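Presented below is the structure to which this report refers.
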Ligand code: UDP
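Numbering (full-length UniProt numbering), first residue to last: 1 to 471.
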């Protein structure tokens, strides 16, 4: 039997179930993983709620559309994550709590799915978001089911969580083992959340191992340190990221977002892309400063303004109509028409980052955004807002040298003025320092893409994971 036939045979009888946390930044990472596995011939079942499955598929249209995945629309009571208070310094995990609570409703349908697959399959492998640790205990109780946790944050952030939640002296470790002088990013997490992490770590002890959405070229030393941790030594670790597609399909159809058409007309590497992800909001005052800072920089930009962000500042002076966001935005859009675009709601981030006209990304440093930017070789202007973002910021700016700071975490309770925003844009886009940061970002982008290609570390880890589950 030739190698390819043998591989095909090995895949038969193996079913993989992926269980995301119902929040977009988590849902899409496991969708990417599901697509990668499915493209390799593994039968993949995506276990989410009807609403989330629809949302993630709609938003991820065009990203590896070829794969076949079995979507399971489990009943989940409707829930709404409250917007984090833009003025509060520590907001996590309050805004994700409804997702954690709702997720427990997936227990029964998940158990039924795993049982139904266990009967006809040679092996069932559950890959659950590490925040869905109830699934680890469930898998352990079912014969023929084996579980892996999936980490949707950086290895650096996981390492610091682990040290912090085990009550270790974070500062000593960071200076001693990581050789980083700046560091603690204190105040990222509440005690309540550190307790949650501790319990989660205990519960995932039953898993066979872990998958990380990162790669050695970005986080090699942190992955190695994680592997030295007592529990990690006993379990398998696969660093298979970045999971986001590197080549983004542009189907050239009428569905193409208007901002991409505009981007096509701009010079190479000239546009600043501004987005703060799906869970972060800025105060009205801060939105005003950002608008002024972007305009004052004189640089081209695409700014994604979520519906959650207020936009009263865009009203013409004396305008009595403060109710229509569309009208207010159109005033600002008119003012910056030549140089910028404000996109309300949702923009095709991957396509924007992959576009040759994009030269920098002003970001809250959510892990998806970091990985997407790094893998496209786009440098970051970092503006961390909550949870793991200050740590990702440190990684991107201080460790990798692929970004500059817009707002220091230590100044999180202060308004970031338009002048500081303008200056950080100019530092990256036209200053001497910016040239070096851009060069580093390009080099990291190349290394990341190499890690995904044949012979690269992430490709090797993904191959090893598939070989393990199909053995
Ligand atoms: N995203 C997007 N368009 C938007 C806003 C967000 O495509 O207008 C995607 C982005 O590409 C990323 C995810 O949503 O994959 C945001 O995840 P991240 O971890 O960066 O931030 P979070 O939303 O979890 O804070």
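Backbone N, C-alpha and C define an ideal beta-carbon position, used for all residues, glycine too.
Computed from a predicted model, the values in this text were never measured in an experiment.
Close CB contacts of residue 303 within its chain, under the 6 Å cut and outside five residues either way in sequence, are with 274, 342 (chain order). In the three-state DSSP reduction, residue 201 falls in the helix class (H, G or I). Membership of residue 32 in the alpha helix (DSSP H) is indicated by the continuous run 24-39.
Distances taken from the Cβ of residue 242 to the heavy atoms of ligand 1 include none shorter than 8 Å.
Assigned with DSSP and collapsed to three states, residue 49 falls in strand.
Residue state for residue 209 is assigned as strand, using DSSP reduced to three classes.
A straight line joining the alpha-carbon of residue 139 with that of residue 293 spans about 51 Å.
In this structure, ligand 1 has no non-hydrogen atom nearer than 8 Å to the beta-carbon of residue 70. DSSP places residue 116 within a helical segment (H, G or I) once states are collapsed to three.
The three-state secondary structure of residue 59, taken from DSSP, is helix.
The C-beta separation of residue 379 from residue 437 comes to about 5 Å, placing the pair in contact by the 8 Å criterion. The closest CA to that of residue 164, considering only 362, 194, 47, 214, is found on 194. Here residue 360 is near residue 429, since their CB atoms are less than 9 Å apart. Three or more beta-carbon pairs separated by less than 8 Å are not found between the segment 45-60 and the segment 395-404, which leaves the two stretches without contact.
In the DSSP assignment, residue 146 falls within the beta strand (DSSP E) that extends over 145-151. Nearest in C-alpha terms to residue 47, of all of 117, 346, 282, is 117. In the three-state reduction of the DSSP assignment, residue 363 falls in the strand class. Here the distance from the Cβ of residue 370 to the nearest heavy atom of ligand 1 is below 8 Å. Under the DSSP assignment, residue 165 falls in the alpha helix (DSSP H) whose first and last residues are 155-165. Under the three-state reduction of DSSP, residue 471 is assigned to coil, being neither helix nor strand. Of 435, 241, 439, the smallest CA-CA separation from residue 150 is found for 241. Judged by DSSP secondary structure, residue 272 falls within the beta strand (DSSP E) whose first and last residues are 271-275. Exclusion of the five residues before and after residue 285 leaves 415 as the residues of its chain whose Cβ lies within less than 7 Å of its Cβ. A contact is defined here as three or more CB-CB pairs under 8 Å, and the segment 380-393 fails this definition with respect to the segment 261-268. Boundaries of the beta strand (DSSP E) harbouring residue 380: 380-382, taken from the DSSP string. Annotation: the continuous alpha helix (DSSP H) that includes residue 222 extends over 216-228. Inter-segment contact for the segment 32-45 and the segment 67-75 is present: three or more beta-carbon pairs are separated by less than 8 Å.
Here the C-alpha atom of residue 211 lies approximately 6 Å from the C-alpha atom of residue 237. The way I'd put it, the segment 453-463 doesn't touch the segment 330-340; fewer than three beta-carbon pairs between them come closer than 8 Å.
Boundaries of the alpha helix (DSSP H) harbouring residue 391: 389-394, taken from the DSSP string.
In this structure, 128 is the residue among 159, 128, 141 with its C-alpha nearest to the C-alpha of residue 148. With respect to residue 226, residue 131 sits apart: the two C-beta atoms are not nearer than 9 Å. Taking the Cα positions, residue 115 is about 36 Å away from residue 453.
Classified as buried, residue 370 has 16 or more neighbouring CB atoms from the shown chains inside 10 Å of its CB.
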